[in-house]
Amino acid sequence: MPTDSSTLCGLQSGERGQILSVEGSDAVAARLLEMGILPGEEIEMIGAAPMGDPIEFSVYGYRISLRRSEAARVRIEKQP
Amino acid sequence: MSQPSATVALIGNPNTGKSSLFNALCGGNARVGNYPGVTVEQKTGRMTLSAATVEIVDLPGTYSLAARSADEAVAVDVLSGAMQGIDRPDAVIVIADATNLERNLYLFSQVIELGLPTLLVLNMWDRIASTGMKIDPACISEQFGVPVVCTSASQRKGIDEVRQALASILTSKIDRTKESAAFASTDSASSNFPEAFRMETQGLLDWLRSKNVTIAQYQVQRLLIDASDAHVHREIPSHLASEVSQQLSEARSRLASAGVKIPLFETQARYAWIKQKTAGLIERPRGRPPTISDAVDRWLTHRWFGLLFFVFLMFVIFQSITLLASWPMDWIEGIQGWVASMLEGFVGPGPLRSLLVDGVVAGVGSVLIFLPQIVILFLFIGILEDCGYMSRAAFVMDKSMSTIGMSGKSFLPLMSSFACAIPGIMATRTIDNRKDRMVTLLVAPLMSCSARLPVYVLMVAAFVPDIRYASGWITLQGIVLFSMQCLGALVAIPVAWILKRFFFRGEPSTFIMELSSYRWPSWHVMFSRVWERVLAFITRAGTLIFVTSVLVWAAAYFPGDHSTVDEATRRLEGLQAAEVTDEQAIASLEESINLGKSRLIDQSFLGMAGRALEPVVRPLGWDGKIGVAVLASFPAREVIIATLGTIYALGSETDETSDGLKEQMRAAQWPDGKPVFTLATAFSIMVFFALCAQCASTLMTIQRETNSWRWPIFSFVYMTTLAYVGAMLTYNLVQRWML
Ligand SMILES: Nc1nc2c(ncn2[C@@H]2O[C@H](COP(=O)(O)OP(=O)(O)OP(=O)(O)O)[C@@H](O)[C@H]2O)c(=O)[nH]1
Ligand SMILES: [Mg+2]
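Residue numbers (the numbering used here), protein chains in the order written: chain A, 4 to 83; chain B, 468 to 1206.
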């Protein structure tokens, strides 16, 4: 599984990033985009579920849960 | 009431308070809960608006008009007028969660392009202040050109303003041509769409209309944007399907070469439009202030505490059911006995008295005794559903569920099946992966629904010793009850795995879910949840259970000749009334009554059926009477209590009639004098009920949701087989182990 630091999977609890792109053009990508996981937005990792997957993020003032496989599709630029 | 003059649809993202507003507007009782996907089908209600009747339609939540799951499709269908039985809406109320306005406006940006009179409601207004946000509703109204009302639907605030605004948009003339106007005008999100896309849309629209397909402009957009399995593709008549998909793929490749990225361009255009319109109107505090919700959450989703907490919670619920429900139960049982003796005072011995006392009171009464358990169970369920824990629990469970081929999304329907499998099966509509949905739907009836609870409680109370630990706070009975509740869920694990492996192989599922924030559950929501189930329980007792009780009574009463027993009873009552203390005469009368009664029930239709059934149920440790009682409970499982109640009331010895069903069961004997009910028999019955598909309505719901008879038949066969084998194993194991 890609835990590349340039995707959402690379964020630790409390870290933030700016979204660069969402990979793919399927229904999953569309749903992510519709829910505001959009290039240019700021996103924060809140915490992971007991077994490390899925992960909770905060975006646009609400909370969203993504599996690692979905989070790996979102490329970000980590923010200090 | 008069024919409604207009239909108004309530649409919005999941969990924004649509059903709460619906209830506030039409005094309805739509279910409300703090997790996405509570409402999965349309619900209509009526309200009077300046002397006219308006039909209000509560819809499932959706994030966009690109419907992917069955519940979202309902919302989209109602909106486009494709839903049978509901007129195309004359106006729409878009309900947005104000704390999360930008994302909620995404759907609004799509809905506004339908050209219907639209009202924007900013709900959860009470939470705006507490989160430190600032929103300017007047400017938002001006920017978007629609009336805006701020509400707190759960506290019934701002409801009058909604009514007024609704009245005014309904009087404004409906202009169906506005749809294309909105599309062409510069003031809509789709005006930000690339020129190439707008040309493709127009081209396809013209082509489809030339083929006499009635389709709206936004639907053509969806055809172009959404994946080929999306809901909108059902709008295309089948004879055109291949031609359309040909056209679509050509159009898509033209768009790709023009640099239009599907689906990115749509979301980008819409969010850009929203940002531009709301610039400076929504203010969020910088940084994320630590909230109580977060602190709670850190614990509840903790590495191991999270899972432990979940199990602990369930344990507490079933402990409380045994601890708290016993006193109101004794109380109701007392009433039952009192009613029976009152009836005996009024009606002399004979078929009428027997029908009333042994049939109706013993049958329906034994079921009603379990009302307190139902109340307690649904009180807990109400708290859980409204505090925001459910979506967290799904989050915690997702990983474990994915190992058996489901997702956290399956968790919510399965949890709601603990109340009743029917809403649980309906709730699988929220699962967008079709194969996951099928697996979830087929294992949902294994979850221990509230109709099984009375069966377990009866068996546990009668045959599990009342041993208490931890100074009375933990009872052995509670532990057994908890284990029985878990049994179905445990069996569901391998069943789901097999179903996924051999019947529904397919692409892995996803888990993109909004997590609702924690909130104090509202009294109103909890009360209506309990009330709804109490009403359902009593209605069932008064209808289905009443009828089966009477039928079972008739089967157990006829064709025997009851005159000797009735005569003896009359003489006995005469002696007792005259306070004669002739021990010997009373004893001999009682003896002949008891003998007569057991002979009569053996000769009855039910007795004959029991003898025929006995070889089949003997391996489970049951006698023929239990066999018949279980057979009678195939339409609805709680019927067994009524049936046993009637059978044992008819066959019971005279000095025991006033003892409850529990005592009568303990006293039941085989012909050789051994007790019928042992711990092994009780367990065997409980396991059978845990696994068997004894609910006609559940099977009908499966038929409706899968649109085929194959799956209800499949469910019935696999569950009944599991139940029989499981009960047989249990009986033999417990018996060996106890000796
Ligand atoms: N604080 C606050 N809570 C609200 C308000 N309106 C609704 N709620 C709560 O929000 C939750 C969701 O309400 P519902 O009415 O079930 O929402 P819904 O939009 O019908 O949800 P779905 O049917 O799942 O799409 C419940 O816990 C309500 O009690 C409000 O104005 N303020
Ligand atoms: Mg709802």
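Cβ coordinates follow ideal geometry from the N, Cα and C atoms, glycine included.
Source: prediction; values computed, not measured.
8 Å contact criterion, which residue i and residue j should meet: CB distance rounded
{"i": "A:Leu-41", "j": "B:Tyr-738", "result": "6 Å"}
{"i": "A:Ala-52", "j": "B:Lys-866", "result": "6 Å"}
{"i": "B:Gly-1091", "j": "B:Arg-1104", "result": "B:Gly-1091 to B:Arg-1104, Cβ: 19 Å. No contact."}
{"i": "A:Met-54", "j": "A:Leu-14", "result": "About 18 Å; that fails the 8 Å criterion."}
{"i": "B:Arg-1158", "j": "B:Gly-955", "result": "The sequence shown places Leu at residue 1158 of chain B, rather than the Arg named in the question. Right, the Cβ-Cβ distance comes to about 7 Å (below 8 Å), so this counts as a contact."}
Check whether residue i and residue j have beta carbons under 9 Å apart
{"i": "B:Met-980", "j": "B:Ser-858", "result": "yes"}
{"i": "A:Thr-10", "j": "A:Val-62", "result": "no"}
{"i": "B:Ser-1059", "j": "B:Ala-1035", "result": "yes"}
{"i": "B:Tyr-936", "j": "A:Gly-39", "result": "no"}
{"i": "B:Val-588", "j": "B:Thr-618", "result": "yes"}
{"i": "B:Pro-661", "j": "B:Ala-725", "result": "yes"}
{"i": "B:Leu-838", "j": "B:Ile-1005", "result": "yes"}
{"i": "B:Gly-504", "j": "B:Asn-490", "result": "no"}
{"i": "B:Ala-1109", "j": "B:Ala-708", "result": "no"}
{"i": "B:Ser-671", "j": "B:Leu-715", "result": "Before going further, note that residue 671 of chain B is Leu rather than Ser in the sequence given. Cβ atoms of B:Leu-671 and B:Leu-715: closer than 9 Å."}
{"i": "B:Gln-1161", "j": "B:Pro-1102", "result": "yes"}
{"i": "B:Leu-966", "j": "B:Gly-1027", "result": "no"}
{"i": "A:Ile-46", "j": "A:Arg-19", "result": "yes"}
{"i": "B:Asp-538", "j": "B:Leu-748", "result": "no"}
{"i": "B:Gln-1131", "j": "B:Ala-1116", "result": "yes"}
{"i": "A:Ala-30", "j": "B:Thr-734", "result": "no"}
{"i": "B:Met-1186", "j": "B:Leu-913", "result": "yes"}
{"i": "B:Cys-854", "j": "B:Ala-886", "result": "no"}
{"i": "B:Ser-877", "j": "B:Asp-903", "result": "yes"}
{"i": "A:Gln-21", "j": "A:Gly-43", "result": "yes"}
{"i": "B:Leu-1073", "j": "B:Ile-1114", "result": "yes"}
{"i": "B:Phe-480", "j": "B:Arg-570", "result": "The sequence as given places Asn at residue 480 of chain B; Phe does not occur at that position. In this structure, B:Arg-570 lies closer than 9 Å to B:Asn-480 by Cβ."}
{"i": "B:Tyr-1235", "j": "B:Ile-836", "result": "One cannot answer for residue 1235 of chain B here, as it falls past the ends of chain B, which runs 468 to 1206."}
{"i": "B:Ser-793", "j": "B:Gly-1112", "result": "no"}
{"i": "B:Val-613", "j": "B:Ala-605", "result": "no"}
{"i": "B:Thr-681", "j": "B:Leu-568", "result": "no"}
{"i": "B:Leu-1056", "j": "B:Leu-1080", "result": "no"}
Per DSSP, the bridge partner or partners of residue i
{"i": "A:Ala-51", "result": "A:Ile-58"}
{"i": "B:Cys-1162", "result": "B:Ala-1103"}
{"i": "B:Ile-848", "result": "For B:Ile-848, which the question treats as bridged, DSSP gives no partner whatsoever."}
{"i": "B:Leu-637", "result": "Answer is none; B:Leu-637 lacks a bridge partner."}
{"i": "B:Val-559", "result": "B:Ala-476, B:Thr-585"}
{"i": "B:Lys-510", "result": "B:Asp-525"}
{"i": "A:Ser-68", "result": "A:Glu-59, B:Met-980"}
{"i": "A:Val-25", "result": "A:Val-77"}
{"i": "B:Tyr-936", "result": "B:Ile-941"}
{"i": "B:Asn-590", "result": "B:Asp-564"}
{"i": "B:Lys-1142", "result": "Per the sequence presented here, residue 1142 of chain B reads as Pro, with Lys not at that position. For B:Pro-1142, which the question treats as bridged, DSSP gives the partners B:Gln-1136."}
{"i": "B:Lys-624", "result": "B:Ser-619"}
{"i": "B:Lys-728", "result": "According to DSSP, which records beta bridges pairwise, B:Lys-728 is partnered with nothing at all."}
{"i": "A:Arg-19", "result": "A:Glu-47, A:Gln-82"}
{"i": "B:Glu-750", "result": "B:Lys-601"}
{"i": "B:Ala-519", "result": "B:Leu-516"}
{"i": "A:Thr-10", "result": "A:Arg-78"}
**Request:** Check whether the region 930 to 944 of chain B touches the region 764 to 777 of chain B, taking contact to mean three or more Cβ pairs, one atom from each stretch, closer than 8 Å.
**Result:** no
**Message:** Within 8 Å, do at least three Cβ pairs link the region 890 to 904 of chain B to the region 793 to 801 of chain B?
**Reply:** no
**Request:** Please confirm if the region 473 to 483 of chain B is in contact with the region 521 to 535 of chain B, defined as three or more CB-CB distances below 8 Å between the two stretches.
**Result:** yes
**Request:** Evaluate contact between the region 502 to 522 of chain B and the region 1009 to 1029 of chain B, counting only Cβ atoms and requiring at least three cross-stretch pairs below 8 Å.
**Result:** no
**Asked** Are at least three pairs of beta-carbons, each pair with one atom in the region 576 to 589 of chain B and one in the region 720 to 729 of chain B, less than 8 Å apart?
**Response** no
**Request:** Specify whether the region 810 to 826 of chain B and the region 965 to 985 of chain B touch according to this definition: at least 3 beta carbon pairs, one from each stretch, less than 8 Å apart.
**Result:** no
**Message:** Across the region 60 to 74 of chain A and the region 495 to 502 of chain B, are there enough close Cβ pairs to call them in contact, namely three or more that are closer than 8 Å?
**Reply:** no
**Request:** Give a yes or no on contact between the region 829 to 847 of chain B and the region 997 to 1011 of chain B, applying the rule of three or more CB pairs nearer than 8 Å.
**Result:** yes
**Prompt:** Is the number of C-beta pairs between the region 1168 to 1187 of chain B and the region 902 to 917 of chain B that are closer than 8 Å three or more?
**Reply:** yes
**Message:** Check whether the region 611 to 625 of chain B and the region 540 to 551 of chain B touch, using three or more Cβ-Cβ pairs below 8 Å as the test.
**Reply:** no
**Prompt:** Quick check: the region 942 to 950 of chain B against the region 785 to 792 of chain B, are there 3 or more CB pairs under 8 Å?
**Reply:** yes
**Segment contact, 8 Å Cβ cut-off, at least three pairs: the region 1137 to 1150 of chain B with the region 1190 to 1203 of chain B** = yes
**Any 3 or more C-beta pairs closer than 8 Å across the region 823 to 832 of chain B and the region 1152 to 1164 of chain B** = no
**Asked** Are three or more beta carbon pairs between the region 953 to 967 of chain B and the region 859 to 879 of chain B nearer than 8 Å?
**Response** yes
**Item:** Given 8 Å, three or more beta-carbon pairs between the region 676 to 692 of chain B and the region 532 to 542 of chain B
**Value:** yes
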